[in-house]
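Numbering (this note's numbering), first residue to last: 8 to 302. Cβ atoms here follow ideal geometry from the backbone N, Cα and C, with glycine treated the same way. As structure tokens, the structure follows; a few thoughts come after it.
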Ligand SMILES: Cc1cc2nc3c(=O)[nH]c(=O)nc-3n(C[C@H](O)[C@H](O)[C@H](O)COP(=O)(O)OP(=O)(O)OC[C@H]3O[C@@H](n4cnc5c(N)ncnc54)[C@H](O)[C@@H]3O)c2cc1C
């Protein structure tokens with residue numbers, strides 16, 4: 008496996024990266040951690056003649072800005088997984104990231120690269136969708152902020168225009184009374200997920216009833232998707248009992264229509280949504296209850 012020849016341009020600012028993308032057009036490709044692009048180059052699934060390396064822009068680190076956790080796009084997945092700020096304010100994100108590949112991948116792979124790559128089984132996408140994150144995008148026309156729920160278009164395709172870059176991801180911090188959970192099924196440790204689900208549940212201040220619930224699914228469509236709100240609606244206002252959770256997980260599975268591939272049949276994936284959904288929603292309710300009672 009030998010890459011097709013390419014030139015490498017190292018830039019030290021996103022502005023220079025955008026200018027390079029404009030100059031070289033379709034021949035150019037951004038490289039961040041290289042953990043998805045590298046294999047694609049080696050397999051000649053991508054054959055850019057110019058690689059624009061943004062690593063010298065600087066990794067940065069997660070920071071708290073009011074009720075938003077700001078994570079620079081170049082933050083390595085390992086940094087995200089080990090960040091005390093992420094653990095405190097967006098624990099679902101840190102937990103999801105720890106399921107990515109292996110430590111060598113997480114050492115280099117970046118949060119922005121994972122989202123821009125748009126793999127339908129990506130764990131970071133699950134966290135971004137479930138937590139209603141916002142992506143800060145820079146391009147020739149300046150800055151725009153794109154909700155994660157509008158970012159993924161189809162297989163390895165996002166709303167990013169050819170000369171646009173993800174520069175930051177903003178996660179709303181967990182609210183008091185909110186619980187979370189993530190479950191995935193992989194064939195072997197460190198494999199990509201067959202199906203994954205992230206869930207958040209918020210309880211009323213007295214812990215009696217579910218105030219809001221959200222979920223995100225990977226491995227069930229051509230892109231990571233938000234769980235359909237109407238499937239989860241019956242949980243809102245309920246006590247979040249095991250029976251109610253099982254019904255919601257079943258309804259969630261009913262809204263999916265996954266395809267079959269070499270890894271699993273569509274029917275098996277749909278069954279996984281129900282089983283993992285039950286576990287994730289149940290755990291999120293339990294964590295929310297713990298948060299309310301412990302407050
Ligand atoms: C063995 C192995 C196992 C893996 N397992 C998993 C897994 O279980 N789950 C999972 O989700 N991923 C997995 N990955 C992929 C890994 O998470 C990648 O790190 C991630 O998908 C891409 O991030 P990156 O920084 O490496 O991006 P790169 O590979 O450098 O780039 C990926 C794509 O995104 C574009 N890009 C990168 N950064 C930006 C930016 N800031 N703005 C705009 N475009 C950008 C590039 O042009 C390219 O098209 C695995 C990879 C390997 C090699």
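- DSSP places residue 124 in the uninterrupted alpha helix (DSSP H) bounded by 118-124.
- Within the same chain, 234, 235, 237 and 238 come within 8 Å of residue 262 by CB-CB distance, once the 5 residues on both sides are set aside.
- Shortest Cα-Cα distance from residue 277 to any of 84, 139, 296 and 256 involves 256.
- The DSSP assignment places complete beta strand (DSSP E) segments of no fewer than 3 residues inside the stretch 160-185 at 172-179, in order along the chain.
- Its Cα nearest to that of residue 61, the residue 172 stands out among 159, 43 and 172.
- A distance of 8 Å or more separates the beta carbons of residue 64 and residue 44.
- Only residues of its own chain outside the window of five on either side were considered, and among them 79, 81 and 82 have a CB closer than 7 Å to the CB of residue 67, listed in chain order.
- Every beta strand (DSSP E) of 3 residues or more that sits fully in the stretch 20-108 is shown, in chain order, as 35-38, 57-60, 70-72 and 75-79.
- Note: residue 189 is bridge-paired with 205 in the DSSP secondary-structure output.
- DSSP places residue 242 outside any alpha helix (DSSP H), giving it a letter other than H or E.
- The stretch 91-111 makes contact with the stretch 127-143, as at least three CB pairs between them are under 8 Å.
- For residue 277, the secondary structure class from DSSP, reduced to helix, strand or coil, is helix.
- Placement of the Cβ of residue 124 at a distance of less than 7 Å from at least one heavy atom of ligand 1 is found.
- The residues 256, in chain order, have a CB closer than 8 Å to that of residue 282 in the same chain once the five nearest residues on each side in sequence are set aside.
- Cβ-Cβ separation between residue 204 and residue 222: approximately 6 Å, consistent with a contact (criterion under 8 Å).
- Taking the Cβ of residue 209 as the reference point, every heavy atom of ligand 1 lies at 7 Å or farther away.
- In the DSSP secondary-structure assignment, residue 221 is bridged to 207.
- Secondary structure of residue 9 (DSSP, three-state): coil.
- For residue 142, the enclosing beta strand (DSSP E) begins and ends at 141-146.
- 163 is the residue among 163, 192, 147 and 133 whose C-alpha sits nearest the C-alpha of residue 52.
- A distance below 7 Å between beta-carbons, with the five flanking residues on each side excluded, links residue 31 to the following residues of its chain, in chain order: 57.
- Apart from sequence neighbours up to five positions away, the residues of its chain that approach residue 292 with a beta-carbon distance below 8 Å are 186, 208, 210, 217, 247 and 252, ordered along the chain.
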